[in-house]
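Colleague:
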Amino acid sequence: TVLGSSRGQQPTEEIVDTLERMNINVLFCIGGDGSLRCAREIAEMCLARHLSISVVGVPKTIDNDLQFVGPSFGFETAVAEATNVIRNAHVEAKGTFNGIGLVKLMGRDSGFIAAYAAVANPVVNFCLVPEIEFELEGEHGLLAALERRFANAKTHTVIVVAEGAGQNFIEGACQKDASGNVLKKDIGEFLKQSISSHFKGKGITCSIKYFDPSYMIRSVPARGTDAIRCYM
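The sequence shown maps to residues 829 to 1060 in the working numbering.
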């Protein structure tokens, strides 16, 4: 069967009742921390009810942030698709004086997609990830680094930022989705406004092209290597 995705807690009792009613004795749960947390609860309830149902956890997340697991299937495809977006951002940035191509990629608490995409594309000048705090203002901040780059006769810049990076700069209370995951504040829009305001205040011309591919990088067909990993 192919199931759609959802957000929100599903009653474990109803899930186990359904498995028992439909005479399903093996359940494969494919996913990240939320999906496998659910799998553990289902397994514990099956044990408590003395049901002969096996629950198999298959770790998988596009963010690739799973301990003890090498590449998670889907990750290579996401990086490859992000490459196309970065290439376009580079072309747009080069096409205007002091052009800045700003790309926000998926990665709430880990920046593997952003980091791998940046390594795979030498046109990326700055890569910002949740694991490493960065400065925005001051001599060693991102804004000053951009200013120095343009002052050194570089006419364009490409910035890649993971969605969970730089959350400490953005004001406002944290919100959660229906599954209890913390919703990240929009670092892409924040950087776009901050960079624009900084250069405007300095009287320096710049043009920012902002790309937010979001789910486009995980909705494309799997690459060959990912497809083979799925079969394995």
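Note that beta-carbon positions come from the ideal geometry of N, C-alpha and C, so glycine has one too.
Let's see if you can read the secondary structure: which residues bound the beta strand (DSSP E) around Ile-941?
Modeller: Segment 940-948 is the alpha helix (DSSP H) holding Ile-941; no beta strand (DSSP E) there.
Colleague: How many angstroms separate the CA atom of Val-907 from the CA atom of Tyr-944?
Modeller: Those two C-alpha atoms are separated by around 7 Å.
Colleague: Quick check: Cys-857 and Val-897, are their CB atoms within less than 8 Å of each other?
Modeller: No, Cβ-Cβ distance for Cys-857 and Val-897 is not below 8 Å.
Colleague: How is Ile-890 classed by DSSP in three states: helix, strand or coil?
Modeller: Residue state, collapsed to three classes: coil.
Colleague: If I measure Cβ to Cβ from Ala-921 and keep anything under 7 Å in the same chain, skipping five residues before and after, which residues do I get?
Modeller: Only Gly-927, Ile-928, Gly-929, His-984, Thr-985, Val-986 and Lys-1037 meet the Cβ criterion.
Colleague: Distance check for Lys-888 and Ile-1045, CA to CA, integer angstroms please.
Modeller: One C-alpha to the other measures close to 16 Å.
Colleague: What are the boundary residues of the beta strand (DSSP E) that Ser-1035 is part of?
Modeller: Element bounds for Ser-1035: 1035-1039.
Colleague: Tell me, which residues are paired with Gln-1003 by DSSP?
Modeller: Its beta-bridge partners are Leu-1011.
Colleague: Would the stretch 986-996 and the stretch 937-957 be scored as touching if the rule is three or more Cβ pairs under 8 Å?
Modeller: The stretch 986-996 vs the stretch 937-957: in contact.
Colleague: Please specify which runs of the beta strand (DSSP E), each continuous and at least 3 residues long, are wholly inside the stretch 884-933, giving them in chain order.
Modeller: DSSP runs (the beta strand (DSSP E)) wholly in the stretch 884-933: 927-933.
Colleague: If you count every other CB in all the chains shown that lies within 10 Å of the CB of Leu-1019, and 16 or more means buried, which is it?
Modeller: With 16 or more Cβ atoms within 10 Å of its Cβ, Leu-1019 is classed as buried.
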